[in-house]
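For the sequence shown, the residue numbers in the numbering used here are 121 to 347.
For every residue, glycine included, the Cβ atom is placed at its ideal position computed from N, Cα and C.
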Amino acid sequence: MTRVLVVEDDAQLVRALVINLEARAYAVDAAPDGATALRLAAAGQPDVIVLDLGLPDMDGIDVLKALRGWTRVPVLVLTARRASDEKVEALDAGADDYITKPFSMDELLARLRAAVRRTESTPVSQESVVVTTDDFSVDLVAKRVTRRGRDIRLTPTEWQLLEILICNPGRLITQRQLLLDVWGPSHGTKTNYLRVYMAQLRRKLEADPSHPRYLITEPGMGYRFES
121 MTRVLVVEDD AQLVRALVIN LEARAYAVDA APDGATALRL AAAGQPDVIV
171 LDLGLPDMDG IDVLKALRGW TRVPVLVLTA RRASDEKVEA LDAGADDYIT
221 KPFSMDELLA RLRAAVRRTE STPVSQESVV VTTDDFSVDL VAKRVTRRGR
271 DIRLTPTEWQ LLEILICNPG RLITQRQLLL DVWGPSHGTK TNYLRVYMAQ
321 LRRKLEADPS HPRYLITEPG MGYRFES
């Protein structure tokens, strides 16, 4: 049984989440504040955490940073904070996904299932792995991309971006993280670089670049690879 830790100080919302999760055969623990959340996370070893940022005793970002000091458990941030910089801060601190209030329970459950699936699947390794989609395949060892039986030439920068995204399937990688990993610290704010290179990748790999199926943009936050 999948165990979920809900970290939320709104008792009515906690009750709704517990009812909906338990009805779908999840085991649920609830914490009304950050200190309790950290204690339950250490004691109960949850499979996924739903974390509010506005907690009474400490900021949810600090809870997230504390968790990331010792666990990679998926964390879905659930909060009323809507500013892009706050979303990016949470993602950079280690959140796996970000959902704003008010929210659809169906959307939350779908994202929760996706987070659990990612932890249950075998992580993508660069040791003799070929990632195959309906439209193209990527050989991470040979650094080779093929589409419809033909080799697709990528520039070194395009390859670096694609490799990072493919090695983190389903995970939202922030613009800042991609810029730091590919271009270095001096380019951490130059998001126009990403727009240009992601557009090039889509033209080479997507069947319909204007409606991408695999290289997904989360506006103001970053990109993810969906297989």
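Handout entry: Euclidean distance between Cα positions of W190 and Q320
Key = Position 70 of the sequence shown, counting from 1, holds the residue named residue 190. Position 200 of the sequence shown, counting from 1, holds the residue named residue 320. Whole-angstrom Cα-Cα distance: 38 Å.
Exercise for the section: Starting from the C-beta of A262, find all residues in its chain whose C-beta is less than 8 Å away, skip the five residues before and the five after it, and write them out in chain order. Expected result: On the sequence shown, position 142 is the one that residue 262 refers to. So no residue of the chain qualifies.
Exercise for the section: Give the DSSP-derived three-state secondary structure of V150 in the structure shown. Expected result: For the purposes of this step, residue 150 is identified with residue 30 of the sequence shown, where counting begins at 1. It should be pointed out that residue 150 corresponds to Ala in this sequence rather than to Val. If DSSP states are grouped into helix, strand and coil, A150 belongs with the strands.
Problem - Residues near V208 in its chain [Cβ-Cβ closer than 7 Å; skip 5 each side] - result: Taking the first residue of the sequence shown as 1, we reach residue 208 at position 88. Once the five neighbours on either side are set aside, the close Cβ partners of V208 are T294, R296, M341.
Practice task
Inspect the CB distances between the region 150-164 and the region 174-181 and report whether three or more fall short of 8 Å.
Solution key: yes
Exercise for the section: Determine the closest residue to Y313 out of V236, F345, T277, E338, with distance taken between C-alpha atoms. Expected result: Position 193 of the sequence shown holds residue 313. Of the candidates V236, F345, T277, E338, the one whose C-alpha sits nearest the C-alpha of Y313 is T277.
Practice task
For G333, name the three-state secondary structure that DSSP assigns.
Solution key: Numbered from its first residue, the sequence shown carries residue 333 at position 213. Note on residue identity: the sequence assigns Arg, not Gly, to residue 333. Residue state, collapsed to three classes: coil.
Exercise for the section: Express the C-alpha separation of L281 and L298 in angstroms, rounding to a whole number. Expected result: The residue given as residue 298 occupies position 178 in the sequence shown. The residue given as residue 281 occupies position 161 in the sequence shown. Their backbone Cα atoms lie some 7 Å apart in a straight line.
Exercise for the section: Please state whether DSSP places E227 in a helix, a strand or coil. Expected result: For the purposes of this step, residue 227 is identified with residue 107 of the sequence shown, where counting begins at 1. Of the three classes helix, strand and coil, the one that applies to E227 here is helix, per DSSP.
Exercise for the section: Pull up the DSSP beta-bridge partners for V208, would you. Expected result: Taking the sequence shown and counting its residues from 1, the one referred to as residue 208 is at position 88. DSSP, once it has assigned bridges, lists no residue as partnering V208.
Exercise for the section: For S330, count neighbouring C-beta atoms within 10 Å of its own C-beta (all shown protein chains included) and say buried if the count is 16 or more, exposed if not. Expected result: Counting from one through the sequence shown, the residue named residue 330 turns up at place 210. S330 is exposed by the Cβ-count criterion.
Exercise for the section: Take every Cβ of the region 222-235, pair it with every Cβ of the region 249-260, and state whether three or more of those distances are shorter than 8 Å. Expected result: no
Exercise for the section: Count the other CB atoms, across all protein chains shown, that sit within 10 Å of the CB of P166; report buried if there are 16 or more and exposed otherwise. Expected result: Taking the first residue of the sequence shown as 1, we reach residue 166 at position 46. Classification for P166: buried.
Practice task
Go ahead and pull the three-state DSSP assignment for T266.
Solution key: Numbered from its first residue, the sequence shown carries residue 266 at position 146. T266 falls in the strand class under three-state DSSP.
Practice task
Please go through the same chain and pick out, in chain order, the residues whose beta-carbon is closer than 6 Å to the beta-carbon of A213, but skip the five residues on each side of it.
Solution key: Walking along the sequence shown from the start, residue 213 turns up at place 93. The residues are I181, L184, K185.
Exercise for the section: Determine the contact status of L211 and L285, defining contact as a CB-CB distance below 9 Å. Expected result: The count along the sequence shown starts at 1 and reaches residue 211 at position 91. The count along the sequence shown starts at 1 and reaches residue 285 at position 165. No.
Practice task
Sort K221, L292, R264 by Cα distance to A200 and report the nearest one.
Solution key: Start at 1 with the first residue of the sequence shown, and residue 200 comes out as number 80. Measuring from the Cα of A200, the nearest candidate turns out to be K221.
Problem - V168 vs D149 beta-carbon contact at 9 Å - result: Within the sequence shown, numbered from 1, the residue matching residue 168 stands at position 48. Within the sequence shown, numbered from 1, the residue matching residue 149 stands at position 29. No, the Cβ-Cβ distance between V168 and D149 is not below 9 Å.
Handout entry: Between the CA atoms of L158 and D271 - distance to the nearest angstrom
Key = The sequence position of residue 271 within the sequence shown is 151, counting from 1. The sequence position of residue 158 within the sequence shown is 38, counting from 1. So the two alpha carbons sit approximately 49 Å from each other.
Problem - Whole-angstrom C-beta distance between L171 and V195, which should lie under 8 Å - result: As a position in the sequence shown, residue 195 is number 75, starting the count at 1. As a position in the sequence shown, residue 171 is number 51, starting the count at 1. Yes, they are in contact, since the Cβ atoms of V195 and L171 sit about 5 Å apart, within 8 Å.
Problem - Integer-rounded CB distance, given that D217 should sit under 8 Å from A235 - result: Translated into positions along the sequence shown, residue 235 becomes position 115. Translated into positions along the sequence shown, residue 217 becomes position 97. The Cβ separation is near 6 Å, so the contact holds.
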